[in-house]
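Q:
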Amino acid sequence: MAGDVKGRPRGVSSGANSAVNDGQPVKLSVNVSADVGARLRRVAFDERLSESSIVEIALAQLFGKNSGDGSLGRFLREHGASLRRVAGR
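Each residue of the sequence shown is one higher than the one before, starting from 40 at the first, in the working numbering.
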């Protein structure tokens, strides 16, 4: 099943080019804390940038600074990341 621990994340196919989507944008929906969301909106407004461009660049920088998925996972867990489950699902 897509998205479960034993399968692949949703939207990721198997194969050598699994992360490539022909340059087409991928829509994401995420929940962030109120303070992170407020800061994102404030920076976007003050700097006349889109929220999505800020998030995309921040993620690209994060992924670039962590050479492998294992080190990225460790970094994220050390900073409080965990699986989030929506109540009732």
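Just so you know, even glycine gets a beta-carbon here, dropped at the ideal spot from N, CA and C.
(1) Out of curiosity, what's the CA-to-CA distance linking Leu98 and Ser72?
(2) Could you have a look at Gly112 and say whether DSSP puts it in helix, strand or coil?
(3) What span of residues does the alpha helix (DSSP H) with Ser92 cover, start to end?
A: Concretely, from the data shown:
(1) For the purposes of this step, residue 98 is taken as residue 59 along the sequence shown, with counting starting at 1. For the purposes of this step, residue 72 is taken as residue 33 along the sequence shown, with counting starting at 1. Taking the CA atoms as reference points, Leu98 sits about 17 Å from Ser72.
(2) Counting from one through the sequence shown, the residue named residue 112 turns up at place 73. Gly112 falls in the helix class under three-state DSSP.
(3) Taking the first residue of the sequence shown as position 1, residue 92 is located at position 53. Here the alpha helix (DSSP H) through Ser92 covers Glu90 to Lys104.
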